Amino acid sequence: MADDKKLTTRADDFSAWYNEVVLRAELADYSPVKGSMVIRPNGYGIWERMQRALDDMFKATGHQNAYFPLLIPESFLKKEAQHVEGFAPEVAVVTHGGGKKLEEPLIIRPTSETIIYHMFAKWVQSYRDLPLLINQWANVVRWEMRTRLFLRTLEFLWQEGHTAHATHDEAEEETRRMLGVYRDFMENWMAMPVITGLKTESEKFAGALRTYSCEAMMQDNKALQAGTSHNLGQNFAKAFELKFQTEKGDEAFAWNTSWGVSTRMVGGLVMTHGDDNGLRVPPRLAPIEVVIVPIWKADEERVRMVEAAHNLRNELVAWTGRGATDRLRVHIDARVGIKPGAKYYEWELRGIPLRLELGPKDLEKQSVFSARRDTREKAAIPMAGVAASVAALLERIQNDMFAAAKARQEANSIRTAMTYEKFKEIMAGDGAFVYAGWNGDPAVEARVKEETKATIRCIPDAEFRSAVAPATCMVTGEPAKFEVIWAKAY
RNA sequence: CGGGGCGUAGCGUAGCCCGGUAUCGCGCCUGCUUUGGGAGCAGGAGGUCGCCGGUUCGAAUCCGGCCGCCCCGACCA
Numbered sequence: 003m004a005d006d007k008k009l010t011t012r013a014d015d016f017s018a019w020y021n022e023v024v025l026r027a028e029l030a031d032y033s034p035v036k037g038s039m040v041i042r043p044n045g046y047g048i049w050e051r052m053q054r055a056l057d058d059m060f061k062a063t064g065h066q067n068a069y070f071p072l073l074i075p076e077s078f079l080k081k082e083a084q085h086v087e088g089f090a091p092e093v094a095v096v097t098h099g100g101g102k103k104l105e106e107p108l109i110i111r112p113t114s115e116t117i118i119y120h121m122f123a124k125w126v127q128s129y130r131d132l133p134l135l136i137n138q139w140a141n142v143v144r145w146e147m148r149t150r151l152f153l154r155t156l157e158f159l160w161q162e163g164h165t166a167h168a169t170h171d172e173a174e175e176e177t178r179r180m181l182g183v184y185r186d187f188m189e190n191w192m193a194m195p196v197i198t199g200l201k202t203e204s205e206k207f208a209g210a211l212r213t214y215s216c217e218a219m220m221q222d223n224k225a226l227q228a229g230t231s232h233n234l235g236q237n238f239a240k241a242f243e244l245k246f247q248t249e250k251g252d253e254a255f256a257w258n259t260s261w262g263v264s265t266r267m268v269g270g271l272v273m274t275h276g277d278d279n280g281l282r283v284p285p286r287l288a289p290i291e292v293v294i295v296p297i298w299k300a301d302e303e304r305v306r307m308v309e310a311a312h313n314l315r316n317e318l319v320a321w322t323g324r325g326a327t328d329r330l331r332v333h334i335d336a337r338v339g340i341k342p343g344a345k346y347y348e349w350e351l352r353g354i355p356l357r358l359e360l361g362p363k364d365l366e367k368q369s370v371f372s373a374r375r376d377t378r379e380k381a382a383i384p385m386a387g388v389a390a391s392v393a394a395l396l397e398r399i400q401n402d403m404f405a406a407a408k409a410r411q412e413a414n415s416i417r418t419a420m421t422y423e424k425f426k427e428i429m430a431g432d433g434a435f436v437y438a439g440w441n442g443d444p445a446v447e448a449r450v451k452e453e454t455k456a457t458i459r460c461i462p463d464a465e466f467r468s469a470v471a472p473a474t475c476m477v478t479g480e481p482a483k484f485e486v487i488w489a490k491a492y
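Numbers in our numbering are just positions in the first sequence, counted from 1, shifted up by 2.
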């Protein structure tokens, strides 16, 4: 009999492992429509925490939420040349409604630039109306050929920020600011280190002047573009006549930015932190941070232990050391008829950061037995001051998870002098983030993609660049214009 | 759309070559005993064998057609 309780290991088949974790941790399930998925409570709970954290950050940087409709006139998409070229192939079109053929087909938004800037044009008259800083939480549809749970589905949830500014520099500042917000979130909440940088022309958003991204390294050494921030220049403003009167009295087109992150981040979380026992969720994003498993033998003992578990939870939840509203999120697993070991496996699969076992021996010693999900380290925690100890441990787990992911990213980054031959070997093998010189020629980029499947993930921001900039292009040997990061990507 | 794999109970599967109404495990329900790393025993429920057609006395099995899903590729957050 095959032991179907064990997950496929990451080393055996990373892709199969990923699917198994997502399905068995009950993050998501396949829906009847090919390529789309149902996000189950365990997955949605993580997304809700992501939303809350990001939403707070957006508000703190002056943005307001609004909501724009799902359906957009088809003609809108065609108003910006690059935009239509980029999105037309993957747009779903509604041709019938109310039992009749529509005069003008409607598209289901693949992103909302067109309708949002159409509306902005109505709302903005004066420089006094700027900047306009809007975010929306929404679903979008992109008809992808090949889909994967969370990473690429026909429909996905995201937020898209859209702003209008009076000057290029203000828009650029906003673009960079929101990229920084994303990085902050990914590193401090997801415990997922990222590299920020500029996308090349061939990888930038359709219709943007410049696209910046956060690139994260998954455990198979492939890159995940986890978030993008675009300086749209005046491209959409011109297409949608988003004009304003300047202080001097003349007319000018606004400068726009857009930026987004999606439920794809949940997939990134799995591939950054998961191990062969399942998911590992960083405490700050875990809907349940602590699971208490009471242990008993006789029935009388069960009553006592479950009561002790409730007392423990009450003490943990009552603790306000993280602030009055940020209480410890604690669950008691008092299910009868399931042995403790089975419960441990289940909560480990689901990635709950900390398990507390509470049995007669612990009660006697006035302590509780803890097991960290990330390191599987176990230790007794004294009951006296248990809430503060647990909170401190959770914080340590959060930090250690980030440090471990960061160390892995660095261990699999290559900054030494690189020949194209050696590069091909690396990409055919384990893969890596390869920092190398590039002459700036899109033809070189296309050739490397063709030959190795690797692409330029970004031209990294200054802090990520090598101490000594590469002098020559890895492929042609010509003088390098940029240091870039090459990797295979999701 | 190209390549590969697969459709049999909620999940994973055997049976198919060589036709006789479906096997096993997990899960689920009931009861009892259990509970410090995936419990044991007993009983029980659950199936248009992906769909349509053909061959045959008889099809999960043979033949033809169709559909769907997963993985790899082209395309993409």
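C-beta: ideal position from N, C-alpha, C; glycine also.
Since the structure is predicted, the reported quantities are computational estimates derived from the model, not experimental observations.
- Look at residue 420 here: in three-state DSSP terms it is coil, with no helix or strand label.
- Beta bridge pairing from DSSP links residue 369 with 384.
- About 16 Å separates the beta carbon of residue 217 from that of residue 183, a gap too long to meet the 8 Å contact definition.
- In the DSSP annotation of this structure, the continuous segment of the beta strand (DSSP E) that includes residue 39 starts and ends at 39–41.
- Residue 138 and residue 69 do touch by the CB rule: their CB atoms are close to 5 Å apart, below 8 Å.
- The three-state reading of DSSP puts residue 46 in helix, counting H, G and I together.
- Annotated three-state conformation of residue 474 is strand, per DSSP.
- Contact between the segment 227–240 and the segment 283–297 is absent, with fewer than three C-beta pairs closer than 8 Å.
- In terms of Cα proximity to residue 413, the closest of 425, 436, 89 and 426 is 436.
- Selection 301, 366, 375 and 389 evaluated against residue 314 yields 389 as nearest (Cα-Cα).
- Residue 28 and residue 281 have their C-alpha atoms spaced approximately 10 Å apart.
- Annotation: residue 247 is outside any alpha helix (DSSP H); the continuous beta strand (DSSP E) that includes it extends over 245–247.
- By the Cβ neighbour-count rule, residue 307 is buried, with 16 or more other Cβ atoms within 10 Å of its own.
- Spanning the alpha carbons of residue 58 and residue 64 requires a straight line of approximately 10 Å.
- If you look at residue 124, you'll find it isn't in any beta strand (DSSP E); it sits in the alpha helix (DSSP H) that goes 115–125.
- The criterion of a C-beta distance shorter than 8 Å is not satisfied by residue 430 and residue 486.
- Under the 10 Å beta carbon count, residue 133 is surrounded by 16 or more other beta carbons and is classified as buried.
- Counting along the chain, the unbroken beta strand (DSSP E) around residue 214 starts and ends at 212–219.
- Here DSSP, grouped into helix, strand and coil, assigns residue 281 to coil.
- The C-beta distance from residue 73 to residue 96 rounds to 6 Å, short enough to fall under 8 Å.
- Per DSSP, residue 266 is one residue of the alpha helix (DSSP H) stretching across 266–275.
- Taking C-beta separations shorter than 8 Å and ignoring five residues to either side along the sequence, the partners of residue 408 in its chain run 195, following chain order.
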